[in-house]
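Notes follow the structure.
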Amino acid sequence: MDAPRKILTVFGTRPEAIKLFPLIHALDADPRFVSRVAVSGQHRGMLDQVLQIADITPHHDLAVMQPNQTLDALTANLLIGLGKVMDQERPDWVIVQGDTATAMAGGLAAYYRQIPVAHVEAGLRSGNIYHPWPEEVNRKIVGSFAALHFAPTQTAANALLRENVAADTVHVTGNTVIDALHWVTDKIKREPDLASGLTELERRFAGKRIIGMTSHRRENFGEGLEAIASAVTRLAARPDVAVIFPVHLNPNVRAVMNQRLAGFDNIALIEPLDYPHFARLIAISDIMLTDSGGVQEEAPALGKPVLVMRETTERPEGVVAGTAKLVGTDADTIVAEAERLLDSATAYGAMARAHNPFGDGQASERIVNLLAR
Ligand code: UD1
Ligand code: UDP
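Numbering of the sequence shown is given in the UniProt record's numbering, commencing with residue 1 and proceeding in unit increments.
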């Protein structure tokens with residue numbers, strides 16, 4: 001048997017951790033690999049919530065997060081810190097996921113050392129470098145040097161092929177977020193207490209239609225977040241509606257939302273939920289209202305209509321399938337689209353269909369087998 005390949009998986013934020021833990025579990029269990037994990041600590045509390053539930057203890061933790069960090073300082077710290085880890089570990093492959101600053105800088109540090117990079121969730125493109133910002137460009141940068149591109153869907157693979165990426169380096173694997181969702185759903189079935197923390201809210205809002213909400217995008221800061229907050233107060237003024245909103249720890253988000261949404265009877269502003277509780281929130285919600293990438297993928301899998309507060313999306317599959325709708329950040333449009341779902345059973349029924357355009361839960365297994373080739 002060949003010597004095991006040393007894989008260094010690098011990540012730093014909540015969504016990367018969620019989408020990589022199933023792959024790390026698979027690498028850990030596979031004798032063909034030596035699996036090492038480096039977290040940048042771009043996020044702290046929200047990252048640690050995932051590490052804890054997935055039972056992952058990183059071999060390296062750079063703890064780079066600064067309060068209200070800027071993109072340039074963050075990127076500089078990531079590049080230098082992750083480069084040092086790579087010099088120490090000297091892996092055969094570096095894995096990065098998605099489109100964050102950690103993915104971009106981690107990939108670049110590997111490229112500078114001529115270590116091949118495997119890109120998980122490759123090929124998503126909105127076609128607009130400011131939506132999502134800066135993620136569209138981060139993802140393209142990783143795509144420009146990755147040696148293996150794991151595209152979640154054929155649409156994503158096609159985008160890479162259109163950019164002349166070598167076809168034999170592009171593989172459609174499904175999105176590992178569906179692996180994560182299956183894992184957490186099974187875990188909750190076995191240990192229901194892991195997701196029982198919303199019971200009090202469920203009682204308080206019994207009989208109401210629940211809107212589960214998240215919002216954090218940098219391109220929405222300022223006017224966009226103000227408009228989102230105003231839409232939410234209008235929706236929650238209806239006696240038949242309640243909004244449950246775990247607020248992202250980014251101080252730019254918290255300042256607006258705490259100022260605009262605190263103190264309403266039908267709005268629960270809560271702390272970021274760990275993954276089992278967030279899966280529970282999707283399950284008890286009638287509608288998801290979000291600007292998140294990951295939530296656009298999870299809600300369709302759980303049959304929940306998702307209104308996406310973005311002008312465009314690099315995840316068109318949910319929109320094409322009819323469970324996701326782009327509503328932008330105009331308050332009137334958000335309210336009108338949410339009310340259409342609240343007031344028309346036909347409109348609601350047309351969107352509330354469980355299906356999986358993003359994956360089948362086997363993505364990590366496919367990726368591991370491709371890495372072993
Ligand atoms: C980052 C990613 C974004 C991803 C999002 C997921 C970049 C450029 N942005 O955006 O692509 O969609 O994560 O949530 O990579 N903070 C905490 N504790 C935490 C996390 C954040 O206090 O656990 C606060 C800090 O003040 C930090 C700020 O939030 O400086 C911003 O964090 P940062 O990772 O730069 O940006 P996000 O908006 O979270
Ligand atoms: N999520 C979570 N707790 C929360 C909000 C979101 O666990 O309070 C999960 C969600 O299920 C999804 C991921 O975090 O898998 C999305 O992360 P985020 O919205 O921060 O980033 P994005 O996906 O937009 O990059």
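Just so it is clear, CB atoms sit at the ideal spot from N, CA and C, and this is done for glycine as well.
Closer than 7 Å by C-beta to A229: which residues in its own chain qualify, once you throw out the five before and the five after it? Chain order, please. Cβ neighbours of A229 within its own chain (closer than 7 Å, five residues either side excluded): V256, M257, R260 and L261.
Within the chosen definition, does the stretch 111 to 128 reach the stretch 153 to 165 through at least 3 CB pairs nearer than 8 Å? Cβ pair count under 8 Å is three or more, so yes.
For Q88, which beta-bridge partners are listed by DSSP? Under the DSSP definition of a beta bridge, Q88 lacks any partner.
So, are the CB atoms of A236 and N266 less than 8 Å apart? In this structure, N266 lies closer than 8 Å to A236 by Cβ.
Is M257 a contact residue of the ligand UD1, with contact defined as CB to any heavy atom under 7 Å? Checking every heavy atom of the ligand UD1 against the Cβ of M257, none is found closer than 7 Å.
Measuring alpha carbon to alpha carbon, tell me which of H216, T185 and T333 ends up nearest Y275. When only C-alpha atoms are compared, the closest one is T185.
Can you give the beta carbon distance from M309 to T323, rounded, assuming they're within the 8 Å contact cut? Contact doesn't hold; Cβ gap of about 16 Å is too wide.
Would you list the one or two residues that DSSP bridges to T323? DSSP output for T323 lists no bridge partner at all.
Flag N250 as yes when its Cβ comes closer than 7 Å to any non-hydrogen atom of the ligand UD1, and as no otherwise. Answer for N250: yes, Cβ within range of the ligand UD1.
Confirm the yes/no value for this check: CB of L47, any heavy atom of the ligand UD1, distance under 7 Å. Taking 7 Å as the cut-off, one finds at least one heavy atom of the ligand UD1 near enough to the beta carbon of L47.
Quick one, are the C-beta atoms of A350 and A301 less than 8 Å apart? No, the Cβ-Cβ distance between A350 and A301 is not below 8 Å.
In this structure, does DSSP put Q154 in helix, strand or coil? Here DSSP, grouped into helix, strand and coil, assigns Q154 to helix.
Just to check, is the beta-carbon of R14 closer than 7 Å to a non-hydrogen atom of the ligand UDP? Yes - the ligand UDP has a heavy atom lying nearer than 7 Å to the Cβ of R14.
DSSP-derived helix/strand/coil call for D360: Note: D360 maps to coil in three-state DSSP.
Residue range of the alpha helix (DSSP H) that F11 falls in? Where F11 is concerned, there is no enclosing alpha helix (DSSP H), although the beta strand (DSSP E) it sits in stretches over R5 to F11.
Smallest Cα separation from M104: which of I115, M86, I141 and Q88? The residue from I115, M86, I141 and Q88 with its alpha-carbon nearest to that of M104 is I141.
Thinking C-alpha only, which one of L23, K6, P31 and V10 is nearest L181? Nearest option by C-alpha distance: L23.
So, with DSSP's three-state summary, where would you put Q49? Q49 falls in the helix class under three-state DSSP.
Nearest residue (CA-CA) to D72, options P91, L62, P134 and V85: D72 has its Cα closest to that of P134, out of P91, L62, P134 and V85.
D274 beta carbon near the ligand UDP (any heavy atom closer than 7 Å): The ligand UDP approaches D274 closely enough that one of its heavy atoms is under 7 Å from the residue's Cβ.
Regarding A101 and the ligand UD1, is the C-beta to nearest heavy atom distance less than 7 Å? Yes, the ligand UD1 has a heavy atom inside 7 Å of this Cβ.
Is the beta carbon of G81 sitting closer than 8 Å to the one on V94? Contact flag unset, no.
Buried versus exposed call for G359 [16 or more other C-beta atoms within 10 Å across all chains shown]: Note on G359: 16 or more other CB atoms within 10 angstroms of its CB, so buried under the neighbour-count rule.
Run of the beta strand (DSSP E) containing T214, from where it starts to where it stops: From DSSP, the beta strand (DSSP E) with T214 extends over R209 to T214.
Should D28 go down as buried or exposed, given a rule of 16 or more other Cβ atoms within 10 Å for buried? Exposed, by the Cβ-count rule.
S35 burial status per 10 Å Cβ neighbour count (16 or more: buried): Counting Cβ neighbours within 10 Å, S35 comes out buried, since at least 16 surround it.
For Q154, which residues in the same chain have their Cβ closer than 7 Å to its Cβ, ignoring the five residues on either side in sequence? Same-chain partners within the cutoff: V172.
Can you tell me where the alpha helix (DSSP H) with R234 in it begins and where it stops? Counting along the chain, the alpha helix (DSSP H) containing R234 begins and ends at E223 to A236.
Buried or exposed by the 16-neighbour rule on C-beta atoms within 10 Å, applied to E298: By the 10 Å Cβ count, E298 comes out buried.
A331 versus T214 - alpha carbon distance: Take the alpha-carbon of A331 and the one of T214: they are about 15 Å apart.
If I follow the unbroken beta strand (DSSP E) through S144, where does it start and stop? Annotation: S144 is outside any beta strand (DSSP E); the continuous alpha helix (DSSP H) that includes it extends over E135 to F145.
May I have the straight-line CA-CA distance separating D61 from K84, to the nearest angstrom? Going from the Cα of D61 to the Cα of K84 covers about 12 Å.
V170 to G143, Cα distance in whole Å? CA-CA distance, V170 to G143, rounds to 10 Å.
DSSP has A38 in a bridge; who is on the other side? Under DSSP, the beta-bridge partners assigned to A38 are V10 and H60.
Can you tell me whether K189 is buried or exposed? The criterion is at least 16 other CB atoms within 10 Å of its CB, across all chains shown. In the assembly as shown, K189 is an exposed residue. Its beta-carbon has fewer than 16 other beta-carbons within 10 Å.
What's the C-alpha gap between H248 and D92? Their Cα atoms are separated by approximately 35 Å.
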